[in-house]
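Read the structure below first, then the notes.
In the working numbering, the protein residues as written are 221 to 847.
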């Protein structure tokens, strides 16, 4: 009856399987599994959720906007749903907590598992304030909300009472993520919007203009920076990766701790710089790009164009914009690559994988994933893209909260092990096949040691880690007061987690693992650089005269070792045109003439062709042109 004496309100509930809660007719909380705004009383939940209190767990908790409260009578309504009519259990234990500003006690004391709202006034890092206008944030669709950012600049403190100076306008916001959604500190995706709901491209915290962003909670990552470290490593070797900015979040008046604002992966000149497909781009060169897709488990709203490992989920073009011809094109492109895995000529330099994929991008993706020992690598949140007239590229890198020994999944805590060799059904088969290819592995080794000389030098990575740790040193104390999870088991913890009971110990553990694991990679890859040098010495010289030619051309080459040799001609489609020689040869100089005829003794068309020279375990190619 004395509303001004209530400082804050929280709603908590232990439930099985789903619920929606309303206060005075306005929704204040909702579980997964119920998508309708007002679910029918007999609508089953699409998700299964077990109660946790009887198992010693803590119920889900939600802040309540005080603006919904009324002087006098208030009505709290909780609607509970089961997964099916035949389920053997359904339960709900709701709680409503009020923070009273005076010393009186009108109700019983809260249970031991309840933590009161955190008092937060100022920060040395930017502050993000979101007001959902009394609505609860759902996993689709996005709701309209207000967001303001206070960022007074380096060295100047930010106060909640300061006027917003970085952003102060509307957003559309929803929850996001897979396993991360099961934790109370939710991750979100948001769009900066105008009041009418249209896109509002803006710069945020020094990042280029756009309207699509992520609020990464980094809940299970107690260093609060594993994603940032991996993205930094990818940018350091010359690949685009999402930019990140750490902030402290206040949601509906409740302090939520440290989050990262992250650029969403999308085709844009300021993001992944590939062509944007319009609905009219359905044929010719226009339909060949740009596409972005993700390897993950799909849900019913996703556009899926293939499997073999987890589903290929198309991100761009967007599901409501992609045209049938575009979907057919990217499906056929992916199918061709999947079929190649089982072909005998997989490693052929003319017909093999290098004709389908951008090999350099696959090497860079592999090196970042393996250097960070990302247990989600390749099969979960593994991105690919294809630009117009381009080959399939791996990346950009994404989702590293379980990396650098932060998870026992896929044996992510073991130092002396390659994630790529721990093959399971979620990983596209192309990755393991590439890893088994001698030439690819040698290229990986050479590129690794090139990067280790500077961008991925341990000292350089540690300098970045230390700078982030210093920047977060004050704010992390508030974060872990709000979320007391240091030294506490959450999910897939690695050995010794209970002893890492400070932020500094977690950062030191991450650095130690990176150091030892990358040194192990050094020792593992070093032999392959020597193998490459020896192999290259086998074929000393290869030339064709005349080139271009009209009627005939001579191929000359020299060998430094005895071995089986095959000399062939292929067209630009990777099809065999003619085999010029096949047999065993001693060291020496050899010459073979091609008279411009195919294997059926018919003249070939004018255009580009390839000599393919196979000797022992290596191949060399040369372009030739027929006039």
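For every residue, glycine included, the Cβ atom is placed at its ideal position computed from N, Cα and C.
Looking at the unbroken beta strand (DSSP E) that takes in residue i, where does it start and where does it end?
i	result
residue 671	Careful: residue 671 lies outside any beta strand (DSSP E), inside the alpha helix (DSSP H) at 658-672.
residue 345	Here residue 345 belongs to no beta strand (DSSP E), and DSSP marks it neither H nor E.
residue 581	Here residue 581 belongs to no beta strand (DSSP E); instead the alpha helix (DSSP H) covers 579-591.
residue 514	511-516
residue 809	808-814
residue 387	387-395
residue 355	Careful: residue 355 lies outside any beta strand (DSSP E) and carries neither H nor E.
residue 424	422-424
residue 796	796-805
residue 532	531-536
residue 828	827-835
residue 550	Element bounds for residue 550: not the beta strand (DSSP E) but the alpha helix (DSSP H), 544-560.
residue 406	Per DSSP, residue 406 belongs to no beta strand (DSSP E) and is neither H nor E.
residue 494	Looking at the DSSP string, residue 494 is not in any beta strand (DSSP E), and its letter there is neither H nor E.
residue 604	602-606
residue 842	838-846
Here's the rule: buried if 16 or more other CB atoms are within 10 angstroms of the residue's CB, otherwise exposed. What is residue i?
i	result
residue 447	buried
residue 483	buried
residue 553	buried
residue 828	exposed
residue 253	buried
residue 386	buried
residue 556	exposed
residue 308	exposed
residue 453	buried
residue 340	buried
residue 754	With a pLDDT of 43 at residue 754, under the threshold of 50, the predicted position of this residue should be treated as unreliable, though the coordinate-derived value follows. Counting Cβ neighbours within 10 Å, residue 754 comes out exposed, since fewer than 16 surround it.
residue 536	buried
residue 184	Past the boundaries of the shown model lies residue 184; the chain is included only from 221 to 847, so the question cannot be answered.
residue 792	exposed
residue 573	buried
residue 377	exposed
residue 256	exposed
What separation, rounded to the nearest whole angstrom, lies between the Cα atoms of residue i and residue j?
i	j	result
residue 836	residue 779	11 Å
residue 806	residue 775	17 Å
residue 222	residue 291	7 Å
residue 511	residue 662	29 Å
residue 313	residue 237	12 Å
residue 764	residue 810	12 Å
residue 844	residue 816	11 Å
residue 540	residue 499	10 Å
residue 374	residue 344	8 Å
residue 823	residue 771	9 Å
residue 306	residue 264	11 Å
residue 434	residue 803	59 Å
residue 675	residue 668	10 Å
residue 701	residue 338	8 Å
residue 346	residue 699	14 Å
residue 515	residue 533	6 Å
residue 277	residue 449	32 Å
residue 687	residue 727	11 Å
residue 480	residue 224	34 Å
residue 381	residue 470	13 Å
residue 443	residue 697	12 Å
residue 226	residue 465	34 Å
Would you kindly report the start and end of the unbroken alpha helix (DSSP H) that includes residue i?
i	result
residue 363	Residue 363 -> not in any alpha helix (DSSP H); beta strand (DSSP E) instead, spanning 363-370.
residue 455	446-456
residue 655	649-655
residue 230	Where residue 230 is concerned, there is no enclosing alpha helix (DSSP H), although the beta strand (DSSP E) it sits in stretches over 226-236.
residue 639	From DSSP, residue 639 is part of no alpha helix (DSSP H); its letter is neither H nor E.
residue 501	That residue, residue 501, is in no alpha helix (DSSP H); it is neither H nor E in DSSP.
Tell me whether residue i, by its Cβ, gets closer than 7 Å to a heavy atom of the ligand ADP.
i	result
residue 727	In the structure on display, the ligand ADP does not appear, and there are no ligands present to speak of.
What ranges does the beta strand (DSSP E) occupy inside the segment 689-774, keeping only unbroken runs of at least 3 residues that lie completely in it? Here the runs fully enclosed are 759-765.
Would you call the segment 375-391 and the segment 404-423 in contact, with 3 or more CB pairs under 8 Å? Output reads yes: the segment 404-423 touches the segment 375-391.
Counting pairs of Cβ atoms below 8 Å between the segment 726-739 and the segment 677-686, do you hit three or more? Touching, per the Cβ criterion.
Determine, using beta-carbon pairs with one atom in the segment 293-309 and one in the segment 229-245, whether at least three such pairs fall under 8 Å. Yes: at least three Cβ pairs fall under 8 Å.
Quick check: the segment 634-646 against the segment 607-619, are there 3 or more CB pairs under 8 Å? As far as the Cβ criterion goes, the segment 634-646 does not touch the segment 607-619, which means the pair count is below three.
Assess, as a yes-or-no matter, whether the segment 321-331 is touched by the segment 259-266 under the definition of 3 or more beta carbon pairs within less than 8 Å. Of all C-beta pairs linking the segment 259-266 to the segment 321-331, fewer than three are shorter than 8 Å, placing the two stretches out of contact.
Would you check if there are 3 or more beta carbon pairs closer than 8 Å linking the segment 620-627 to the segment 587-600? Yes, since at least three Cβ pairs between the segment 620-627 and the segment 587-600 fall closer than 8 Å, the two stretches touch.
Evaluate contact between the segment 645-659 and the segment 593-604, counting only Cβ atoms and requiring at least three cross-stretch pairs below 8 Å. The segment 645-659 is in contact with the segment 593-604.
Can you find at least 3 beta carbon pairs, one from the segment 692-699 and one from the segment 669-680, that sit closer than 8 Å? In this structure the segment 692-699 does not touch the segment 669-680; the number of beta carbon pairs closer than 8 Å is below three.
Taking 8 Å as the threshold, find out whether the segment 709-721 comes into contact with the segment 469-479 through three or more Cβ pairs. Using a Cβ-Cβ distance cut-off of 8 Å, the segment 709-721 and the segment 469-479 are not in contact, since fewer than three pairs of beta carbons, one from each stretch, lie closer than that value.
Any chance the segment 485-503 sits against the segment 427-441, with 3 or more Cβ pairs inside 8 Å? Yes: the two stretches touch, three or more of their Cβ pairs being nearer than 8 Å.
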